[in-house]
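Colleague: Structure incoming, see below.
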Amino acid sequence: MAEAVTYAGSHAEPDHGGHSDTGHAPAGLEYHPGLPLTNGKLIIWLFLSTEIMFFAGLIGTYIVLRFGAPTWPLPREVHLSEPIGAFNTFVLICSSVTVVLGLEAARANKAASAKMWVFLTLILGSVFLGVKLYEYNAKFSHGIYPWKPHSLIYEKADLNYAAAVRLRLGDLDSRFKAEEDALKTSLPAETADKDPALVEVREKLAVIKELTEYELKQEMIAAKDPSNAVRHVALDEMAARVMPLPTGHGSHEEGLNDQHSWLRLPIVIPGGNMWASTYFLLTGFHAIHVLVGLIVFAIMLTMTLGVAAAGMVENIGLYWHFVDLVWIFLFPLLYLF
Amino acid sequence: MSQHADGHAAEHSTDSHGGLAQYFYVFLALCVLTTASFFTYSDYWPFHDQPKIGWAFMMAVSSTKAMLVILFFMHVKYEASWKYVLTIPAGFMSIFLILALVPDIGMRGRWASEERQQFMADPRVEHKAPVRHSESGRDHSTEAPAGH
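Note that the protein sequences, when read in sequence, are chains A and B.
Numbering that gives the first Met the number 0 puts the first residue of the first sequence at 0, with every later residue one more than the last.
Numbering that gives the first Met the number 0 puts the first residue of the second sequence at 0, with every later residue one more than the last.
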């Protein structure tokens, strides 16, 4: 479709002034059977227009959900690091530049240099995904998951939350008691008390005992009058001990969950569940798009990227710029809002 | 389409735009703009107590960045009018998609049942007590009591 076709059907060069060589068409007019672009580019643009709607739908849903929510966590409350997000933005911008330089090299028929730029893009894209993986891990280690069996997030420190903490402590208590019993029977009686495994389990049991007493005390205070401010103070204080919500830049106070990583007590992040759902959905779909791009770049590395492949490099580049574009909006919306 | 066609299209676009220097300037602008939106995070940003100013600023910066990428990296500036056919309807559809969500999703908090409200997070204090005129989204003194 790149070539313009006169209405008599013979092919003509697209930009030579519009003279038809058949004599039938009026001078200056040419009949275009479709859009003046290659099939590949037309398809990628059609695909991108569906992608525009896809991501606009997702980002729009995020905005609508967020501003309709009674409260929304601040980035630092959900362990998002703004500098890391900014770094990833920079990485993607660089990768957009390398892909466009690859296209220029391919157009100039410098296949080796085009391949070098595509390789660099692949590296930068991998760095982006690596950083994303690291960030996901940081969320998971704090019990922030988008689904319930793993997610430790509670919306507020109410009696439900207190009960969840009590249940978790009870579970841990019975698990470690069983472990203690198993160790006691398997170890020789004289040396058992000095065995490091047993000592560790007993230390854990002591922590659980102390925390259970504390939890019961707070819950009792709260249960006296579940509607009053005392309940708020008692249970909010407990939630803050489990995982304090950070109050300033980078000042992350250690909570019980940080001090004892095996505890994994329920945590309170107001608005945290909806946040986790939208965050993982948006960044997850974006990461899948990055991954697809990386696979295509890896395949491209097996080809000769001369002028004959310039159209392909351009089309993949368009896709990659779009992925960059989505991140340009995701970064401020997720990290800085 | 044939390789000939691809090569041909390529010749046309290289003729019509600014080349490597232009890419460099666009890259520079993108870096400066990223720093600008990151600036809202720093302590030097003067409007921490009015988050809406920061939001508007960041959206303006992001839209500028998006336009730079679309116009120069995606070469849309140099394309023929078909670009409007493929992008404007999709853009409108996106806007309708978002607007359609507002009544049911955006305003869900207004008619949540009492039972549901029990399990919803408490609104931030500044929304509860407009008397204080505190728009601060960063004030946590009432939510996380100083613990230990």
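C-beta atoms are modelled at their ideal positions from N, C-alpha and C, and glycine is treated no differently.
For PRO269 (chain A), go through chain B and note every residue whose CB falls closer than 8 Å to its CB, in chain order.
Modeller: To locate residue 269 (chain A), count along the first sequence from 1; it is residue 270. ALA120, ASP121, ARG123, GLU142, listed in chain order.
Colleague: Checking contacts by CB at 8 Å: is LEU19 (chain B) closer than that to chain A?
Modeller: If you number the second sequence from 1, residue 19 (chain B) lands on position 20. Closer than 8 Å to some Cβ of chain A, the Cβ of LEU19 (chain B) qualifies, so yes.
Colleague: What do you get for ARG240 (chain A), buried or exposed, if any count of 16 or more other CB atoms within 10 angstroms of its CB means buried?
Modeller: Sequence index remark: in the first sequence, residue 240 (chain A) carries index 241 (1-based). The residue in question, ARG240 (chain A), is buried, as its Cβ has 16 or more Cβ neighbours within 10 Å.
Colleague: So, at 7 Å on beta carbons, what are the nonlocal neighbours of ILE69 (chain B) in its own chain, with the 5 sequence-adjacent residues on each side left out?
Modeller: For the purposes of this step, residue 69 (chain B) is taken as residue 70 along the second sequence, with counting starting at 1. So the qualifying residues of the chain are VAL75.
Colleague: So which residues on chain A does ARG107 (chain B) lean against when the C-beta distance must stay under 9 Å?
Modeller: Here residue 107 (chain B) refers to the residue found at position 108 when the second sequence is read from its first residue. Those within 9 Å of ARG107 (chain B) in chain A are LEU64, GLY67, ALA68.
Colleague: Just the C-alpha distance for LEU121 (chain A) and VAL98 (chain A), rounded to the nearest angstrom, thanks.
Modeller: As a first step, residue 121 (chain A) is located in the first sequence; it is residue number 122 there, counting from the start. As a first step, residue 98 (chain A) is located in the first sequence; it is residue number 99 there, counting from the start. LEU121 (chain A) and VAL98 (chain A) have their alpha carbons spaced roughly 9 Å apart.
Colleague: Give the interface partners of VAL68 (chain B) over in chain A, defined as CB-CB distance under 9 Å, in chain order.
Modeller: Within the second sequence, numbered from 1, the residue matching residue 68 (chain B) stands at position 69. Near VAL68 (chain B) (Cβ distances below 9 Å), the residues of chain A are ILE92, SER95, HIS320, PHE321, ASP323, LEU324, ILE327.
Colleague: In chain order, what residues of the same chain have a beta carbon less than 7 Å from the beta carbon of LEU305 (chain A), not counting five sequence neighbours either side?
Modeller: For the purposes of this step, residue 305 (chain A) is taken as the residue at position 306 of the first sequence. The identity of residue 305 (chain A) in the sequence shown is Gly, whereas the question assumes Leu. For GLY305 (chain A), where only same-chain residues beyond five positions count, the Cβ hits under 7 Å are ALA105, ASN108, ALA110.
Colleague: Residues in the region 36-51 of chain B with C-beta within 9 Å of chain A's C-beta atoms, listed in sequence order?
Modeller: SER36, PHE37, THR39, TYR40, SER41, ASP42, PRO50
Colleague: For ASP323 (chain A) and PRO35 (chain A), what's the separation of their Cα atoms in angstroms?
Modeller: Along the first sequence, one-based indexing puts residue 323 (chain A) at 324. Along the first sequence, one-based indexing puts residue 35 (chain A) at 36. The straight-line gap from Cα to Cα measures roughly 26 Å.
Colleague: Give me the Cα-Cα distance between ALA222 (chain A) and HIS288 (chain A), rounded to the nearest whole angstrom.
Modeller: Sequence index remark: in the first sequence, residue 222 (chain A) carries index 223 (1-based). Sequence index remark: in the first sequence, residue 288 (chain A) carries index 289 (1-based). ALA222 (chain A) and HIS288 (chain A): Cα-Cα distance of roughly 49 Å.
Colleague: Skipping 5 residues on each side, what residues in its chain have a beta carbon closer than 7 Å to that of ALA196 (chain A)?
Modeller: Locating residue 196 (chain A) in the first sequence gives position 197, where the first residue counts as 1. Same-chain partners within the cutoff: LEU182.
Colleague: Roughly how many whole angstroms lie between the Cα atoms of LEU210 (chain A) and GLU50 (chain A)?
Modeller: Residue numbering aside, residue 210 (chain A) sits at position 211 when the first sequence is read from its first letter. Residue numbering aside, residue 50 (chain A) sits at position 51 when the first sequence is read from its first letter. Near 50 Å, if we compare the C-alpha coordinates of GLU50 (chain A) and LEU210 (chain A).
Colleague: Measure the Cβ-Cβ separation of ILE92 (chain A) and LEU29 (chain B) and say whether it is below 8 Å.
Modeller: Translated into the one-based positions of the first sequence, residue 92 (chain A) becomes position 93. Translated into the one-based positions of the second sequence, residue 29 (chain B) becomes position 30. Contact: yes.
Colleague: Compute the Euclidean distance between the alpha carbons of ILE207 (chain A) and MET273 (chain A), then round it to the nearest angstrom.
Modeller: On the first sequence, position 208 is the one that residue 207 (chain A) refers to. On the first sequence, position 274 is the one that residue 273 (chain A) refers to. Spanning the two alpha carbons is a distance of roughly 30 Å.
Colleague: Among the residues of its own chain, which have a CB less than 7 Å from the CB of TYR83 (chain B), if the five just before and after it don't count?
Modeller: Counting from one through the second sequence, the residue named residue 83 (chain B) turns up at place 84. Cβ within range, chain order: n/a, list empty.
Colleague: Helix, strand or coil: how does DSSP classify ILE266 (chain A) here?
Modeller: Residue numbering aside, residue 266 (chain A) sits at position 267 when the first sequence is read from its first letter. Correct three-state label for ILE266 (chain A): strand.
Colleague: Check each candidate in A:ALA191, A:ARG263, A:ILE43 and name the one with the smallest Cα separation from LEU168 (chain A).
Modeller: Your numbering for residue 168 (chain A) matches position 169 in the first sequence. Nearest of A:ALA191, A:ARG263, A:ILE43 to LEU168 (chain A), Cα basis: A:ARG263.
Colleague: Using a beta-carbon distance cut-off of less than 8 Å, what residues from the region 125-144 of chain A approach chain B?
Modeller: none
Colleague: For LYS48 (chain A), return the contacting residues in chain B, with the cut-off set at a CB-CB distance below 8 Å.
Modeller: Along the first sequence, read from residue 1 onward, the residue named residue 48 (chain A) stands at position 49. Looking at the sequence itself, residue 48 (chain A) is Ser, so the reference to Lys does not match. The answer, in chain order, is LEU85, THR86, PRO88, ALA89.
Colleague: Three Cβ pairs or more, each shorter than 8 Å: is that satisfied between the region 283-299 of chain A and the region 64-76 of chain A?
Modeller: Contact fails: fewer than three Cβ-Cβ distances are below 8 Å.
Colleague: Answer with yes or no whether the minimum CB distance from SER112 (chain B) to chain A is below 8 Å.
Modeller: Residue numbering aside, residue 112 (chain B) sits at position 113 when the second sequence is read from its first letter. Not an interface residue.
Colleague: Taking beta-carbon pairs under 9 Å, can you tell me which members of the region 200-227 of chain A lie near chain B?
Modeller: Correct list: empty, as no residue qualifies.
Colleague: Output needed for HIS320 (chain A): all residues of its chain with C-beta closer than 7 Å, excluding positions within five of it in sequence on either side, in chain order.
Modeller: As a first step, residue 320 (chain A) must be located in the first sequence, where it is residue number 321. Shown here for HIS320 (chain A): same chain residues with a beta carbon closer than 7 Å to its own, the five before and five after excluded, namely SER95 in chain order.
Colleague: My guess is that TRP54 (chain B) and PHE118 (chain A) are in contact by the Cβ rule of under 8 Å, so how many angstroms apart are they, rounded?
Modeller: As a working mapping, residue 54 (chain B) is identified with position 55 in the second sequence. As a working mapping, residue 118 (chain A) is identified with position 119 in the first sequence. Not really, about 38 Å apart at Cβ, beyond 8 Å.
Colleague: What in chain B is Cβ-close to LEU121 (chain A), meaning under 8 Å?
Modeller: Position 122 of the first sequence, counted from the start, is the residue given in the question as residue 121 (chain A). What LEU121 (chain A) touches in chain B: nothing, since even the nearest Cβ is about 17 Å away.
Colleague: Assuming MET302 (chain A) contacts ALA308 (chain A) under a Cβ cut-off of 8 Å, what Cβ separation, rounded to an integer in Å, is found between them?
Modeller: Taking the first sequence and counting its residues from 1, one reaches residue 302 (chain A) at position 303. Taking the first sequence and counting its residues from 1, one reaches residue 308 (chain A) at position 309. Contact between MET302 (chain A) and ALA308 (chain A) is confirmed by a C-beta separation of about 6 Å, below the 8 Å threshold.
Colleague: Across which residues does DSSP place ILE152 (chain A) in a beta bridge pair?
Modeller: Residue numbering aside, residue 152 (chain A) sits at position 153 when the first sequence is read from its first letter. Note: ILE152 (chain A) sits in a beta bridge opposite A:ILE266.
Colleague: Can you find a CB in chain E that lies within less than 8 Å of the CB of LYS76 (chain B)?
Modeller: The chain labelled as chain E is not found among the protein chains of the depicted structure, namely A and B.
Colleague: So does the region 84-98 of chain B actually touch the region 44-58 of chain A, counting three or more Cβ pairs closer than 8 Å?
Modeller: yes
Colleague: Taking just the CA atoms, how far does THR39 (chain B) sit from PHE175 (chain A)?
Modeller: Start at 1 with the first residue of the first sequence, and residue 175 (chain A) comes out as number 176. Start at 1 with the first residue of the second sequence, and residue 39 (chain B) comes out as number 40. For PHE175 (chain A) and THR39 (chain B), the distance between alpha carbons rounds to 47 Å.
Colleague: Using a Cβ-Cβ distance cut-off of 8 Å, determine whether ALA28 (chain B) contacts chain A.
Modeller: On the second sequence, residue 28 (chain B) is found 29 positions in, with the first residue counted as 1. For ALA28 (chain B), the answer is no, since every Cβ of chain A falls outside 8 Å of its Cβ.
Colleague: Under 7 Å, CB to CB, which of the residues in the region 148-179 of chain A have a partner in chain B?
Modeller: GLU154, LYS155
Colleague: Could you tell me how far apart the beta carbons of PHE37 (chain B) and ALA161 (chain A) are, in whole angstroms, since I believe they sit closer than 8 Å?
Modeller: Residue 37 (chain B) sits at position 38 when you count from the first residue of the second sequence. Residue 161 (chain A) sits at position 162 when you count from the first residue of the first sequence. That pair is no contact at about 40 Å.
Colleague: Measuring CB to CB, does TYR22 (chain B) end up less than 8 Å from LEU100 (chain A)?
Modeller: Along the second sequence, read from residue 1 onward, the residue named residue 22 (chain B) stands at position 23. Along the first sequence, read from residue 1 onward, the residue named residue 100 (chain A) stands at position 101. Taking 8 Å as the Cβ cut-off, TYR22 (chain B) and LEU100 (chain A) qualify as a contacting pair.
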